[in-house]
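Numbering (the numbering used here), first residue to last: 364 to 601. Contents: one structure, followed by commentary.
Here is the structure:
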């Protein structure tokens, strides 16, 4: 099974690429979706966030759900708090991602996309030999961001772009780069051609499955036991 790490910059078209892969039957393990999953009320990451940030009124009105917008505003200008939030969530996000990847492995999927906005920032590229960055011209990126988020201020939009790792650095670190400065149709054509070039051999996929099925099964069992342990631990504390 080929695992392709997918990332990009804000408003460069990573989401469009991810949607294209899904539409064509390629499983996508979405880190943003997992980030929402692990902070649902009662989950271990949720409890950790309340422990460190609960005094800052981060819950939605009349709800136990986290106010993600409020939390984002807090960490956007505070590097220390951003690092603390990452410590609360990233381990659980990775665990959920690994479980999904293993499930796709058991399904003999030839290709799985691991969609991670902070792929290089958190060092996940160390575990992936195949990484794809969706890039585009910065002027186009700025215009797309302003249009997407209804922003009129160039400086505010640039501040959000510059808060991320430099896009050129991401392109340098990636194995593959697709420039999305054109239309969505052009992007789809590029992705179609790209998939043809990376499509793994079916016999190799089966061979690797035979070799790895036992260690992967053991790993999956450990992850499930770990989940049960966390659930029991936090239930006993409550």
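Where a beta carbon is used, it is the ideal one built from N, C-alpha and C, also for glycine.
Residues that DSSP places opposite residue i in a beta bridge
i: residue 541; result: 497
i: residue 568; result: Residue 568 is not bridged to any residue.
i: residue 393; result: 478
i: residue 429; result: 422
Buried or exposed by the 16-neighbour rule on C-beta atoms within 10 Å, applied to residue i
i: residue 451; result: buried
i: residue 488; result: buried
i: residue 580; result: exposed
i: residue 371; result: buried
i: residue 474; result: buried
i: residue 499; result: buried
i: residue 440; result: exposed
i: residue 588; result: exposed
i: residue 419; result: exposed
i: residue 377; result: buried
i: residue 397; result: buried
i: residue 549; result: exposed
i: residue 423; result: exposed
i: residue 492; result: exposed
i: residue 456; result: buried
i: residue 417; result: exposed
Element boundaries [beta strand (DSSP E), containing residue i]
i: residue 371; result: 365-371
Terminal residues of the alpha helix (DSSP H) in which residue i lies
i: residue 445; result: 442-469
i: residue 383; result: 377-386
i: residue 406; result: Taken as a continuous stretch (DSSP letters only), residue 406 belongs to no alpha helix (DSSP H), as it is neither H nor E.
i: residue 550; result: 547-561
Should the stretch 540-555 be called in touch with the stretch 495-512, which here means at least 3 C-beta pairs below 8 Å?
-> Touching, per the Cβ criterion.
Is there contact between the stretch 505-525 and the stretch 473-486, where contact requires at least three CB pairs shorter than 8 Å?
-> At 8 Å Cβ cutoff, the stretches do not touch.
Taking one C-beta from the stretch 424-439 and one from the stretch 384-396 each time, how about it: are there three or more such pairs within less than 8 Å?
-> Between the stretch 424-439 and the stretch 384-396 there are fewer than three inter-stretch CB-CB distances shorter than 8 Å, so the stretches are not counted as touching.
At a cut of 8 Å, does the stretch 582-590 reach the stretch 449-468 through at least three beta carbon pairs?
-> The stretch 582-590 makes contact with the stretch 449-468: 3 or more CB pairs, one atom from each, lie closer than 8 Å.
Could you tell me whether the stretch 522-535 touches the stretch 553-562, where touching means 3 or more Cβ pairs closer than 8 Å?
-> No: fewer than three Cβ pairs fall under 8 Å.
What are the start and end residues of each continuous alpha helix (DSSP H) run of 4 or more residues lying completely inside the stretch 501-534, in chain order?
-> List check, alpha helix (DSSP H) in window: 501-511 and 517-525.
Report yes or no: do the stretch 394-410 and the stretch 440-455 share at least 3 C-beta pairs separated by less than 8 Å?
-> The stretch 394-410 is in contact with the stretch 440-455.
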